[in-house]
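Chemist: Residue numbers (UniProt numbering): 1 to 168. Got a structure for you, questions after.
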């Protein structure tokens, strides 16, 4: 118990001492590099930018450029869960695939990343049966809160998940 109290007193004293010039320089550097992105409204430029990624994604899919669409996923497409051939196979069962991109949610921050969901509906027709499907769900995007991130793949909005399902 005495050691805990002694430690707390020493820690408090160390934290309350005046900073030397070199400490203040370090503090200034920390403040200068704290240019991070935070939470934003659904109407912000960042949210609109994320929505434009989803619009581009579905434009590429509608034009059967599956390799291009896959590249909009995180880590150069790896976050899509498969290689380019597997990604293209997802859309093979459809004779028609007509997405409508909705509005973004507010941009949230967690674990050093910004996150936003873009609501989407899809009107699709199965090639084999001709059955019409009406689907809906979010396209989920993320990017680093650090616009100067060393990982260039984290600087821009990328897709990290799509949960579009047949409406019940």
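Each residue gets a CB set at the ideal place from its N, CA and C atoms; glycine is no exception. From a predicted model like this one, the values you see are computed outputs, not experimental measurements.
Suppose only complete runs of 4+ residues qualify. What are the alpha helix (DSSP H) ranges in the stretch 67-121, listed by chain order?
Modeler: 84-91
Chemist: Return the Cβ separation of residue 154 and residue 143 in integer angstroms, given the expectation that the two are a contact with Cβ distance under 8 Å.
Modeler: 6 Å
Chemist: When DSSP labels each residue in this structure, what does residue 152 get in the three-state scheme?
Modeler: helix
Chemist: Closest to residue 131 by CA distance: which of 78, 109, 37, 93 is it?
Modeler: 93
Chemist: Give me, in chain order, the residues of the same chain whose beta-carbon lies closer than 7 Å to that of residue 70; leave out the 5 immediate sequence neighbours on both sides.
Modeler: 77, 80, 84, 87
Chemist: Would residue 33 be called buried (16 or more neighbouring beta carbons within 10 Å of its own) or exposed?
Modeler: With a pLDDT of only 43 at residue 33, under the threshold of 50, the placement of this residue in the model should not be trusted, and no figure is reported.
Chemist: In whole angstroms, give me the CA-to-CA distance for residue 124 and residue 145.
Modeler: Approximately 36 Å between the Cα atoms of the pair.
Chemist: Hey, residue 166 and residue 133 are a contact pair by Cβ (cut 8 Å); roughly how many whole angstroms apart?
Modeler: 5 Å
Chemist: For the alpha helix (DSSP H) that contains residue 134, what are its first and last residues?
Modeler: Premise fails: residue 134 lies in the beta strand (DSSP E), 132-144, not in any alpha helix (DSSP H).
Chemist: Going by DSSP, what residue range makes up the alpha helix (DSSP H) through residue 53?
Modeler: 45-62
Chemist: To the nearest whole angstrom, what separates the beta carbons of residue 158 and residue 72, a pair I think is in contact under 8 Å?
Modeler: Indeed, because the Cβ distance is near 6 Å, the residues count as touching under 8 Å.
Chemist: Distance check for residue 129 and residue 57, CA to CA, integer angstroms please.
Modeler: Their backbone Cα atoms lie some 26 Å apart in a straight line.
Chemist: Expressed to the nearest angstrom, what Euclidean distance is found between the alpha-carbon atoms of residue 163 and residue 116?
Modeler: 13 Å
Chemist: Can you give the beta carbon distance from residue 82 to residue 103, rounded, assuming they're within the 8 Å contact cut?
Modeler: Contact flag wrong, Cβ pair sits at about 29 Å.
Chemist: Which of the three DSSP states is assigned to residue 157 in this structure?
Modeler: If DSSP states are grouped into helix, strand and coil, residue 157 belongs with coil.
Chemist: Just confirm the distance between the C-beta atoms of residue 54 and residue 107, as a whole number of angstroms; I'd bet it's less than 8 Å.
Modeler: The Cβ separation is near 14 Å, so there is no contact.
Chemist: Output needed for residue 45: all residues of its chain with C-beta closer than 7 Å, excluding positions within five of it in sequence on either side, in chain order.
Modeler: none
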